[in-house]
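Keeping their order, the protein sequence lines are chains A and B.
Add 6 to a position in the first sequence, counting from 1, and you land on the number used in our numbering.
Add 6 to a position in the second sequence, counting from 1, and you land on the number used in our numbering.
As structure tokens, the structure follows; a few thoughts come after it.
There are 2 protein chains.
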Amino acid sequence: MKHALNRGETPFRRHNNPFIRKPKQKGPFMTTKAFQDFYPDDYSHCYGCGRLNPHGLQIKSVWDKDESVCHFTPQPYHMAIPGYVYGGLIASLIDCHGTGTAAAAAYREAGRPMDSQPPIRFVTASLKVDYLRPTPIDATLQLRGKVKELKGRKVVVTVDLIAKDEVCARGEVIAVQLPKSMMMSG
Amino acid sequence: MKHALNRGETPFRRHNNPFIRKPKQKGPFMTTKAFQDFYPDDYSHCYGCGRLNPHGLQIKSVWDKDESVCHFTPQPYHMAIPGYVYGGLIASLIDCHGTGTAAAAAYREAGRPMDSQPPIRFVTASLKVDYLRPTPIDATLQLRGKVKELKGRKVVVTVDLIAKDEVCARGEVIAVQLPKSMMMSG
């Protein structure tokens, strides 16, 4: 059903209106579980993204169409100087959101749901972060990832880190599928 | 006094022999205080390197001749997968050791001791980390920084991260002097 815009209502506001039914996602990727929720227990201790690491950041990433998205609210102590987020946290978020996106993209490429066996896990070969402007600490940070390249065991993901509607940092993660020598039982 | 090598003794082993007196360092840089100990209070809350951040990593960097050095022992929860260090921690250490080295190099270039006014502080414009091999978590990590370029307000520092005598990660930090708009009283 076509939905007419009311006066003063923008398409953006419609998009966020909880009373308007969204089209259903199709296929095996229809999920509200985060990528990280599918990681086998043995791979769920990472400080950045492991759901079983009580000290860690426990980030959660999901698909938003062709982009992956993650929201993270920094703690007051995650500061660089008062008012701004510490660059190491930004690098950490980009790193783990990047490898999570790489894994999800590899499952998608293989036409496999993320809870199928054997598990596909990625590690970071290279991480690059450009800090474009200071990142305010009193905001929920949004990370948006895009798969730039997927070739064999290598996936390149670019990630924008957004705070208060501004891109504050931009990263690139070169992720490689975890070698067998480092694989655990799963 | 020239010191003869004993049979089987390499110059490298001599260098690390605590019984051989090392030449004294000269000038205003002869210090055992870390770079971060000189940061003004207002700049000492960084999660990575602020001595006043009780939640943070509180790294300490010093000169070792022309290289800067920092030792850090990861906590068990700083893991990626069991046995190995989380890449975000590695990025964080390289970041803060890099900006600390940049500041120390700028003071040195200006012929100023690090407790002189006004303070010189750097932020990260760009961070690149290559993860060369998995970093074992049951080791004290050594970071060794080198100033690759020092030009105006920009300093480029390369950092090797070493564990168990192997370079596990290699980073490059492009640091820029903190703009006046972000400077505090000091």
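Just so you know, even glycine gets a beta-carbon here, dropped at the ideal spot from N, CA and C.
Item: Determine, for Gly177 (chain B), whether the minimum Cβ-Cβ distance to residues of chain A falls below 7 Å.; Value: no
Item: Quick one: measure Cβ to Cβ for Thr146 (chain A) and His103 (chain A), integer angstroms, because I've assumed they're closer than 8 Å.; Value: No, Thr146 (chain A) and His103 (chain A) are not in contact; Cβ-Cβ is about 14 Å, not under 8 Å.
Item: Name, please, each residue of chain D whose Cβ falls closer than 9 Å to the Cβ of Ser98 (chain A).; Value: The chain inventory of the structure shown lacks chain D, comprising the protein chains A and B.
Item: Which of the three DSSP states is assigned to Ala181 (chain A) in this structure?; Value: strand
Item: Nearest CA to the CA of Gln183 (chain B): which residue from B:Gly106, B:Leu58, B:Gly94 and B:Tyr92?; Value: B:Gly106
Item: Which residues, taken in chain order from the stretch 156-168 of chain A, show a beta carbon closer than 9 Å to some beta carbon of chain B?; Value: none
Item: Cys102 (chain B) lies in the alpha helix (DSSP H); which residues open and close that run?; Value: Gly93 to Glu115
Item: Checking 7 Å against the spacing of the C-beta atoms, do Ala110 (chain B) and Tyr137 (chain B) come in under that value?; Value: no
Item: List, in order along the chain, the chain B residues whose C-beta lies closer than 8 Å to that of Leu58 (chain A)?; Value: The contacting residues do not exist; Leu58 (chain A) stays about 11 Å from chain B at best.
Item: Count the other CB atoms, across all protein chains shown, that sit within 10 Å of the CB of Gly158 (chain B); report buried if there are 16 or more and exposed otherwise.; Value: exposed
Item: Mind pulling the chain A residues with CB within less than 9 Å of Met120 (chain B)?; Value: Residues of chain A passing the Cβ test: none, with the nearest at roughly 18 Å.
Item: State the beta-bridge partners of Met85 (chain B) as determined by DSSP.; Value: B:Val91
Item: At a CB-CB cut-off below 7 Å, which residues of chain B make contact with Cys174 (chain A)?; Value: Those do not exist, as Cys174 (chain A) stays about 12 Å from chain B at its closest Cβ, beyond 7 Å.
Item: Can Gly94 (chain B) and Asp101 (chain A) be called in contact, C-beta distance under 7 Å?; Value: yes
Item: Tell me Tyr137 (chain A)'s beta-bridge partners as DSSP assigns them.; Value: A:Ala175
Item: By a C-beta neighbour count over all protein chains shown, 10 Å radius and 16 as the cutoff for buried, is Thr38 (chain B) buried or exposed?; Value: exposed
Item: Can you find the residues in the same chain that come closer than 7 Å, C-beta to C-beta, to Tyr92 (chain A), ignoring five residues on each side of it along the sequence?; Value: His84, Met85 and Ala86
Item: What does DSSP give as the partner residues of Pro66 (chain A) in its beta bridges?; Value: Checking the sequence, you will find Lys at residue 66 (chain A) rather than Pro. Note: Lys66 (chain A) sits in no beta bridge, so no partner.
Item: Thr130 (chain B) and Ala181 (chain B) look like a contact to me (Cβ under 8 Å); what is the Cβ gap, rounded to whole Å?; Value: 6 Å
Item: Step through the CB atoms of chain A and report whether any lies within less than 7 Å of the CB of Lys170 (chain B).; Value: no
Item: Select from A:Arg57, A:Ser132, A:Pro124 and A:Phe44 the residue whose C-alpha is nearest the C-alpha of Val179 (chain A).; Value: A:Ser132
Item: Does the beta carbon of Met36 (chain B) come closer than 7 Å to any beta carbon on chain A?; Value: The pLDDT assigned to Met36 (chain B) is 48, lower than 50, so where the model puts this residue is not dependable, and the model offers no usable value.
Item: Using a Cβ-Cβ distance under 7 Å, would Leu147 (chain B) count as near chain A?; Value: no
Item: On the DSSP letters alone, give me the boundaries of the beta strand (DSSP E) that Gln42 (chain A) sits inside.; Value: It is not in any beta strand (DSSP E) - Gln42 (chain A) carries neither H nor E in the DSSP assignment.
Item: Any beta carbon of chain B sitting closer than 7 Å to that of Ala111 (chain A)?; Value: no
Item: For Val153 (chain B), I'd like the list of residues in its chain whose CB is within less than 7 Å of its CB, leaving aside the five on either flank, ordered along the chain.; Value: Thr107, Ala111, Val161 and Val163
Item: Ala116 (chain B): buried (16+ other C-beta within 10 angstroms of its C-beta) or exposed?; Value: exposed
Item: Interface residues of chain B around Tyr137 (chain A) at Cβ under 8 Å?; Value: Val129, Thr130, Ala131, Ser132 and Leu133
Item: By Cβ distance below 6 Å, which residues in the same chain neighbour Glu172 (chain B) in space, the five residues on each side in sequence not counted?; Value: none
Item: Please work out which residues of its chain come closer than 7 Å, Cβ to Cβ, to Tyr90 (chain B), disregarding the five sequence neighbours upstream and downstream, and give them in chain order.; Value: Pro140, Thr141, Pro142 and Ile143
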